[in-house]
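S.K.:
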Amino acid sequence: MSKDFEQQLHEALRPVDPEEGFEQRVLARIVQERSSTRRKVTRWASVALAASVVFAAVLGTHEWQLRREQEGLEARKQLLEALRLTGEKLDVAYQAVNREAPEPADDGSGA
Amino acid sequence: MIMRALFRHSMLVLVGTLSFCTNTFAADGQLKIPEFAGLADKAAESVIITLDPSLLRLAARFLDPSDPEDAAARAAIAGIKGIYVRSYKFDQDFAYPKADVDMVRKQLGAPGWQQLVQVRTRAEQQNVDIYLLVEQERANGLAIIASKPREFTIVNIVGSIDMKKLHELEGQFGIPKLDLEDKK
Amino acid sequence: MTRARAGESSAFAALVRRYQRTVYSIALRMLSDRHRAEDLAQEVFLQLYRTLDGIDSDTHLAFWLRKVAVNRAIDRMRMESRHDNEPLTEAVAVADEPTEDDPLLHKRMADLVAQLPPAARAVVVLRYQEDLDPTDIASTLDMSINTVKSHLKRSLTLLRARVQGTAIVEDIR
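Chains as they are written, first to last, in the numbering used here: chain C, 1 to 111; chain D, 1001 to 1184; chain Y, 2001 to 2173.
1) Just verifying my parser: in three-state terms, what is the DSSP assignment at L1063/D?
2) Note down, in chain order, each residue of its chain lying with its Cβ closer than 8 Å to the Cβ of L1056/D, except the 5 sequence neighbours on either side.
3) Count the other CB atoms within 10 Å of the CB of D2131/Y; is the residue buried (16 or more) or exposed (fewer)?
4) Count the other CB atoms, across all protein chains shown, that sit within 10 Å of the CB of T2099/Y; report buried if there are 16 or more and exposed otherwise.
5) Between the segment 76-92 of chain C and chain D, which residues of the former have a C-beta closer than 8 Å to a C-beta of the latter?
6) Beta carbons nearer than 7 Å to chain Y: which residues of the segment 8-37 of chain C have them?
7) Should E63/C be flagged as near chain D, meaning a C-beta pair shorter than 8 Å?
8) Would you mind stating whether V2070/Y and L2141/Y have Cβ atoms separated by less than 8 Å?
9) With distances taken Cα to Cα, identify the nearest neighbour of V2148/Y among R2108/Y, D2133/Y, A2161/Y.
10) Decide if R2154/Y is buried, meaning its Cβ has at least 16 other Cβ atoms within 10 Å, or exposed.
11) Name, in chain order, the residues that DSSP records as bridge partners for F1152/D.
12) What three-state label does DSSP hand S2150/Y in the structure shown?
13) Determine, using beta-carbon pairs with one atom in the segment 1144-1163 of chain D and one in the segment 1086-1096 of chain D, whether at least three such pairs fall under 8 Å.
14) What residues of chain D sit near R2078/Y, judged by a beta carbon separation below 9 Å?
15) Is I1161/D close to chain C, meaning its C-beta is less than 8 Å from at least one C-beta of that chain?
16) Just mark G2007/Y as buried or exposed, buried being the case when its beta carbon has 16 or more other beta carbons within 10 Å.
17) In terms of residue numbering, what span does the alpha helix (DSSP H) encompassing V2126/Y cover?
18) Less than 8 Å between C-beta atoms, sequence neighbours within five positions excluded: which residues of the same chain meet that for T1024/D?
19) In the structure shown, what three-state DSSP assignment does P2098/Y receive?
20) Let me confirm a value: A1044/D is counted as buried when at least 16 other C-beta atoms fall within 10 Å, else exposed. Which label applies?
21) When you compare the segment 2011-2031 of chain Y with the segment 1105-1116 of chain D, are there three or more beta-carbon pairs, one atom per stretch, that lie closer than 8 Å?
22) Please look up how many angstroms separate the CB atoms of A2073/Y and M2030/Y, rounded, as I've assumed it's under 8 Å.
23) At 7 Å on the CB atoms, spell out the chain Y contacts of E1045/D, in chain order.
24) Give the interface partners of L73/C over in chain D, defined as CB-CB distance under 8 Å, in chain order.
25) Just grab the DSSP bridge partners of E1135/D for me.
26) Can you tell me where the alpha helix (DSSP H) holding E1045/D begins and where it ends?
27) Pull up the DSSP beta-bridge partners for W1113/D, would you.
28) Any C-beta of chain C sitting closer than 8 Å to the C-beta of L2028/Y?
29) In whole angstroms, give me the CA-to-CA distance for D4/C and D2039/Y.
30) Applying the 10 Å Cβ sphere with the 16-neighbour rule, what's the burial state of P2117/Y?
31) Is the CB-CB distance between V1155/D and K77/C below 8 Å?
32) Taking a contact to mean a Cβ-Cβ separation below 8 Å, would you say A1059/D touches L66/C in this structure?
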C-alpha cells in the first residue's frame, strides 16, 4: 500500500515543461544583462582604482564578517536540528500517553 | 490518565502541585553527559550538538523573525541558556554503552528533577524519560532520554523552559502538525 | 558545457533546453504559480550564466540547478509568506498531461503537496519529482539527513491520511 501511494505521488509530481519560448526568454534576459553590465563597467572604471586602496583595508574586516556569518548560520542550523529532535521525542511520549486508557465517562465519578 | 493530564497541562499542573516545593538547592539544570568517545565512528548516524549561551545568542541572531519556523524557534528558546544533544543510531542492537546512558538517567534522581513522563513500549523496546528541573515553581531544565536497541538520544535543555512552545514546534519545522485530536 | 563556458550562446541555449523542465517544475511545485515559477526559473539560468565557470561537470550542474532553484523558491516563499492559506487554483492546473491513472487523485495529491510548508514541500518535491535520495536531498537543502527523513515520514503520513480521508491517529504506530 505504501509503495503504491508513493508511486502515485511520484506520478502526481511529474515534471512539467514551461511555456513555449522559455529558452528564448532566458537568452533575451542574458543579452539585456550583458549590455547593462558593460555600461556600468565603463562608468565605474575611474573610481575603481581609488577604491582599491580602501578595499584592501576593508577586506580583513569583511573576511571576519564572513566567518562570523558562517558560524552563525551553522549555529542556527544546529539549533533547529536540536529543537526538531526535542519535538520529535516529546511527540513520542505524547502519542504514547494518548494511547493510554480512554477518557473516563463523564458521570461525575472520580479518577 | 494521570500521565495524560500531567503531559497535556504540564506547566499548569506543575505550578499547581509544586507549592510545597521550597528546595532552593536543586541541581544546576545541566547534566554531565559522557563524551561517548569513538561512538560517532561506530554509529550509522550521529547528532552532536552543544549550544552554550554564547552560541545560542549567535544562533538567535540568525533566526529570521519573518519566517514562521525561525520565529517559533526564537519563541521556544527565550529564556534558555544551553541546549545539549547527543543522538546516535546504529546498525546493530545495543552497540552503544547502555551503562553510560543509564548514568545520565541516574543524575535525574538529584533534588529538583521531577519526572514528567515515562514511556516503556514493549514492542519496540523503546524507553522515553522526560524530566523537568523545577526550582521555585519554575521549570529551569529539561532532560529527555530516549532509547531503543539501535539508537539513543539525550537532550538536555538548561534555562527557563516553556513546554507548550517546545511541543508546538512540531507544527512549525515544515512538518504539518499531526492532528491527534481527530476522531472518526 | 565547455563550449558554454567559452561563451558560445548556442551551447548555453542547449543547457537551458536540457534542464528547463527540471528547474521550472521545481519552481512550479514550490510556488504553485506559473508566472512566478517562470520568473524564478529564468533567474536560475541567469545566475548559471554568471557562474558557469564554477561548474565542472554535468553532475555538478544538475545538483547546482536543483539546489539554486529550490532554495530560491524557499526564500521567495518565506519573503512572501504566502504558503499559508494559499489558493490552490494554480496547483490544480499543473497536472495537464493525460495519464492512465486517476487524474483526480493526482490533482488532489499535487494540491496537498502545495499546502505543505516550504521545507517539507521541498523535501517531497526533491524526493518524488526529482527522485533524489535522502543524502542528496540533505546536501541540496543543507539539512541533516535525519531532518530530511523526518520531513518525509511526517509529510507522507499526513498526505496519505488526507488522501484517504482517515484520522491520522490511526496511522501512527
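Note that beta-carbon positions come from the ideal geometry of N, C-alpha and C, so glycine has one too.
On a predicted model such as this, the values are computed, not experimentally measured, just so you know.
M.R.: Taking the geometry as given:
1) coil
2) I1077, I1080, K1081, G1082, I1083
3) exposed
4) With a pLDDT of 46 at T2099/Y, under the threshold of 50, the predicted position of this residue should be treated as unreliable, though the coordinate-derived value follows. That one is exposed.
5) R76, Q78, L79, L80, E81, A82, L83, R84, L85, T86, G87, E88, K89, L90, D91, V92
6) Q8, L9, H10, E11, A12, L13, R14, P15, V16, D17, P18, E19, F22, E23, R25, V26, L27, R29, I30, E33
7) no
8) yes
9) D2133/Y
10) buried
11) Y1088/D, S1147/D
12) helix
13) yes
14) D1064, S1066, D1067, P1068, E1069, D1070
15) no
16) exposed
17) First, the amino acid is wrong: residue 2126/Y is Leu here, not Val. Its alpha helix (DSSP H) spans residues 2118-2128.
18) Only weak support exists for where T1024/D lies, its pLDDT of 35 falling under 50; the value from the coordinates is given anyway. Taken in chain order, the residues that qualify are E1135, Q1136.
19) No answer about P2098/Y holds up, because its pLDDT of 44 lies below 50 and its placement is not dependable.
20) exposed
21) no
22) 4 Å
23) I2145, N2146
24) F1062
25) R1138/D
26) Here E1045/D belongs to no alpha helix (DSSP H); instead the beta strand (DSSP E) covers 1045-1051.
27) L1133/D
28) yes
29) 34 Å
30) buried
31) no
32) no
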